[in-house]
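To start, the structure itself, in structure tokens.
Numbering (my numbering), first residue to last: 17 to 886.
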């Protein structure tokens, strides 16, 4: 540009002409440039766009006022030439840049690039091609595509070139040979292009060795998958939802006995029509649920018909695998598996379960029958032997006493054996239920130690118990825990020589409580420890001769411990002693409550002859003996109970049928009723329910007696006690004596002292229905007069009364020795001072504020006072 300005100004000579070119924000001027008023201007255009301008100035000193035509033409020609020169220069620059860019891409491409003419002569080769094939650039330029293809593919190269020319492009796979003969799987993408004004072929060659290896691995995996699916009776399927067409693995239909031709261009309805009528709706609903987005997957079991008309079970599972742009499902895919064998096995298992449950029920019925049939005669043997030993019906000589004692001892031993066998059978049958309660271990230790202490004393064994005072209450079956501890202690004492030691050691860890029974006995050989917990198994014959036992004790308590979710461990050394440790949870998780076995209604045969009730009068009757009704259908058991009770001064009356009990109890109003559960007419639970609903009998204590184990008494009615036959006479008499002791007097006299008549009437309405004898006093002075004539058991006293106040009455009573034991209940509306409260607390049983107590509270308070007998 600078040169052009100098050229323009040089033509005029001197300082006559000046030139300035502005191009793309750059300004070029001649030397000694001076801008004058005489100017000629032309724009520089390129591709229709203004890129700059040419300004030509003329000096005024020449005396001229404008440009000559020749000068104007010159400037116009220069401007046009300048535009052409710029255009030519830009084209060259663009070409240089394009070639540079091409070679940059060409040489730095990740794939090999070849350019060859239509005869196959290489014109250009990039660096990657040279490195991959192992040739120099010069060596490759002297080769053709046929030279670098494997022998198997070389013959196809001319045909490939012909196809490229015909179609303009082609993608194909071949195998390239390196200089050292290595084969490289290659994908070629070829295209016809213009290169330096002639048609050539550009080929991009990609090494697909890894892809081929992956495809080979995928092929192997697919083959394995196909074999595995075949072995596992699996088949895949996919359905095009809009059209309903189904693609699937051949095994889906061939396993049913059909050919693929029978399912050519299959529609989903071709399969649904084969479904079992009971399963078709289920399968369609499962698919609908998934399609509507309500279920995360489609899964269903159904039966499908085979070609020979039989049914097979399929498990079908799938999910939506493709959706359109609007989110609508397009493809659903899944697998089916033949589960016929599994379904047949499940059916066999279900049938086996039914058979097992039937057998279990049969076993339970057998246990109930055996319990009844074995314990009933033992009840008579043990009970009558006990009565004979008490010599109620006459004295026994020495031999008679010995023989009867042997009968009693053998009967009890047989009962223990029967109970253990039945308990083990019940545990194994799943019919044993634990009766959970909260208690302290120290209480159990104390009770069991009291029982076994005589055994230890007889052998001079030192029996010790470590305190469990730091162990909180545990929740377990207290009766079973006592039985466990009794068995371990009695065994320890039995197998410990005289003068030895037995100690109970309690401990805790996390949520478990541990109780160890340690002895210095004969010990157990290691080879014998596996036999310890097997029923009826004792360690050796010599031990059998020296030590009595059935071999059931440890087996039974081990099952009791397992029922608690615990364990029993033993450590022992022959000649030094043994340690048995049982561990149970402190607070085990709740379990579902089951109906106790003793609550299952049993069908008892109706007797053919309805015998009259038996009556057993007490020996040496006085006429006021308490009456006890004995409800028992077994004649021997009933006779035994009557004998037991009459020997202790009770007037016992027997009833043999359940439907006779209510009438007899209403008629006699007995002290108590002993009630068997299994009776003809009505079972014991029905009788108990009727007794407690009858207003004439509801308050009479009921003692349940049965050959059935206690279990859980989940009746809505409370019973006084529950005995399992054979009944221990001492326990039965103790219960009846407790009932007698707790019976309130026929009349409890209550004196109500209040100057307000309405308040006295209110107390009457609260207490009249409870059977109390109620006296009234309208003031303190009247109350004193009544007390002087007849001493009440309880005084209900108002404090605020005119003339003679409640305080005066209290003071008067305290000063009278014969009446000082009257229980006083203050019933007042007065606000009490601290001094009043102190005085009353020392002299009255309770203070109740008027209008702030309920009838039940008052009655409960009166009953709790236990007034002394007059």
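Here a beta-carbon is modelled for each residue, glycine too, at the ideal position from N, C-alpha and C.
Can you tell me whether DSSP reads residue 192 as helix, strand or coil? Correct three-state label for residue 192: strand.
Quick check on the burial criterion: 16 or more other C-beta atoms within 10 angstroms. Buried or exposed for residue 268? buried
Coil, strand or helix - residue 480 by DSSP: Correct three-state label for residue 480: strand.
For the candidate residues 299, 271, 256, whose alpha-carbon lies nearest to that of residue 282? 256
If distances are taken between C-alpha atoms only, which option among 404, 367, 238, 434 comes closest to residue 394? The shortest Cα separation from residue 394 among 404, 367, 238, 434 belongs to 434.
Grab me the residues of residue 206's own chain with a C-beta within less than 6 Å of its C-beta, minus the 5 sequence neighbours each way, in chain order. 180, 186, 217, 219
Three-way DSSP call (helix, strand, coil) for residue 761 in this model: Low local confidence applies: a pLDDT of 47 at residue 761 is under 50, so the model's placement there is unreliable, with the coordinate-based value given in what follows. Three-state DSSP puts residue 761 in coil, outside helix and strand.
Contact defined as beta carbons within less than 8 Å: I believe residue 522 pairs with residue 472. What is the distance between those atoms, to the nearest angstrom? The pair is not a contact, with the Cβ atoms about 19 Å apart (cut-off 8 Å).
Do you know how far the Cα of residue 401 is from the Cα of residue 584? 38 Å
Using CA coordinates, which residue listed in 312, 526, 432, 766 is at the minimum distance from residue 572? With distances taken between Cα atoms, residue 572 lies closest to 432.
Which value, in whole angstroms, describes the spacing of the CA atoms of residue 349 and residue 226? 29 Å
Is the distance from the Cβ of residue 598 to the Cβ of residue 570 below 8 Å? no
Is residue 790 near residue 813, with beta carbons less than 8 Å apart? no
Tell me whether residue 493 is buried or exposed, calling it buried when 16 or more other Cβ atoms sit within 10 Å of its Cβ. buried
For residue 255, write down the residues that DSSP places opposite it in a beta bridge. 262, 348
What does a CB cutoff of less than 7 Å around residue 195 pick up in its chain, not counting 5 residues either side in sequence? The residues are 149, 150, 151.
Drop a sphere of 10 angstroms on the beta-carbon of residue 260, count the other beta-carbons inside from all chains shown, and report buried for 16 or more, exposed for fewer. exposed
Could you check the C-alpha separation between residue 450 and residue 596 for me, to the nearest Å? 22 Å
For residue 267, the three-state DSSP class (helix, strand or coil): Residue 267: helix per DSSP, three-state reduction.
On the DSSP bridge list, what partners appear for residue 646? 670, 690
Relative to the C-alpha of residue 697, which residue among 374, 339, 165, 648 is closest? 648
Residue interval of the beta strand (DSSP E) (run including residue 199): 199–210 is the extent of the beta strand (DSSP E) around residue 199.
According to DSSP, what are the bridge partners of residue 244? Paired residues: none, contrary to the question.
If you draw a straight line from the C-alpha of residue 127 to the C-alpha of residue 175, how long is it? 23 Å
Rounded to whole angstroms, how far is the Cβ of residue 291 from the Cβ of residue 302, which I believe are closer than 8 Å? Contact doesn't hold; Cβ gap of about 12 Å is too wide.
Identity of the residue in 123, 574, 293 nearest residue 327 by Cα: 293
Consult DSSP for residue 68 and reduce its assignment to one of helix, strand or coil. strand
Report the start-end ranges of each beta strand (DSSP E) in the stretch 804–832 that is 3 residues or longer and not cut off at the edges. 810–813
Which one or two residues does DSSP pair with residue 534 in a beta bridge? 519, 595
Collapsed DSSP secondary structure at residue 502 in the structure displayed: helix
Close Cβ partners of residue 838 (< 8 Å) along its chain, the five nearest in sequence each way excluded: 803, 807, 808, 809, 810, 811, 829
Where does residue 335 sit, in a helix, a strand or coil, going by DSSP? strand
Answer with buried or exposed for residue 276, where buried requires no fewer than 16 other C-beta atoms within 10 angstroms of its C-beta. The residue in question, residue 276, is exposed, as its Cβ has fewer than 16 Cβ neighbours within 10 Å.
Given that a residue counts as buried once 16 or more other Cβ atoms are within 10 Å of its Cβ, and exposed if not, what is residue 140? buried
I'd like to know if the stretch 700–713 and the stretch 657–667 are in contact, where contact means that at least 3 CB-CB pairs between them fall below 8 Å. no
Using DSSP with H/G/I as helix, E/B as strand and the rest coil, what is residue 353? When secondary structure is reduced to three states using DSSP, residue 353 falls in the strand class.
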